[in-house]
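Participant: Structure below; questions to follow.
Numbering (my numbering), first residue to last: 104 to 258.
Encoded structure:
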């Protein structure tokens with residue numbers, strides 16, 4: 104085979120189509136176009152996943168608001184209660200970032216399904232799991248460093 108002229112940093116070669124088809128036939132790989140119902144099923148699954156991410160983002164934002172607002176229930180002279188607002192703000196911020204990233208991912212998957220090139224990625228699952236673990240660690244830290252003899256004020 105004769106290499107093509109390099110148009111990028113990576114050399115490229117073209118294999119004859121007949122050779123590729125014969126290799127696929129030898130491996131007994133059957134390729135077929137997706138039917139309309141399969142494509143619809145994939146799009147509906149993508150929408151369900153997007154809505155699940157939206158629910159997660161709403162929960163994170165709401166939990167952040169709750170944590171930030173809890174400081175108003177605690178007496179201002181109670182020691183060690185100064186980090187709750189920052190943790191609440193962090194939760195709310197990550198909730199908003201989740202909205203942006205999940206929307207971007209939804210449209211990326213939408214295009215990949217239409218082009219029939221979708222390949223699942225593990226990076227967002229791992230990244231989001233690490234972020235939630237860090238947030239959980241922050242909540243535990245705030246709870247453990249909060250004095251046990253707090254005075255709550257309702258008004």
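Positions of the beta carbon are idealized from the N, C-alpha and C atoms, including for glycine.
Bear in mind that the values here come from a model prediction, so they are computed numbers and not experimental data.
Take the Cβ of residue 220 as the centre, count every other Cβ of all protein chains shown within 10 Å, and call the residue buried at 16 or more, exposed below.
Facilitator: With fewer than 16 other Cβ atoms within 10 Å, it is exposed.
Participant: Is residue 192 near the ligand FAD, in the sense that its beta carbon is under 7 Å from a heavy atom of that ligand?
Facilitator: Only the bare structure without any ligand can be found here, which leaves the ligand FAD out of the picture.
Participant: What's the call for residue 133, buried or exposed, on a 16-neighbour Cβ count within 10 Å?
Facilitator: Per-residue confidence for residue 133 stands at a pLDDT of 48, beneath the threshold of 50, marking its modelled position as unreliable; no derived number is given.
Participant: May I have the straight-line CA-CA distance separating residue 193 from residue 243, to the nearest angstrom?
Facilitator: Roughly 14 Å separates the two Cα atoms.
Participant: Compare the Cα-Cα distances from residue 197 to each of 249, 159, 142 and 139 and report the closest residue.
Facilitator: Considering only alpha carbons, the answer is 159.
Participant: Hey, out of 208, 155, 216 and 240, whose CA is closest to residue 226's CA?
Facilitator: Measuring from the Cα of residue 226, the nearest candidate turns out to be 208.
Participant: What are the start and end residues of the alpha helix (DSSP H) that includes residue 244?
Facilitator: 226-248 is the extent of the alpha helix (DSSP H) around residue 244.
Participant: Between the beta-carbon of residue 171 and the beta-carbon of residue 156, is there less than 8 Å?
Facilitator: Against a cut-off of 8 Å, the Cβ pair of residue 156 and residue 171 comes out as no contact.
Participant: Around the Cβ of residue 140, are there at least 16 other Cβ atoms within 10 angstroms (buried) or fewer (exposed)?
Facilitator: Exposed, because fewer than 16 other Cβ atoms sit within 10 Å of the Cβ of residue 140.
Participant: Could you tell me which whole beta strand (DSSP E) segments of length 3 or greater appear in the stretch 194-220?
Facilitator: Runs found: none.
Participant: Quick one: Cα of residue 215 to Cα of residue 153, how far?
Facilitator: Answer to the nearest angstrom: the Cα atoms are 15 Å apart.
Participant: What is the DSSP secondary structure of residue 152, reduced to helix, strand or coil?
Facilitator: Looking at residue 152 - three-state DSSP - the assignment turns out to be helix.
Participant: Suppose you measure from the CA of residue 137 to the CA of residue 213; what does that come to, to the nearest Å?
Facilitator: So the two alpha carbons sit approximately 15 Å from each other.
Participant: Could you compute how far the alpha carbon of residue 167 sits from the alpha carbon of residue 142?
Facilitator: Roughly 38 Å separates the two Cα atoms.
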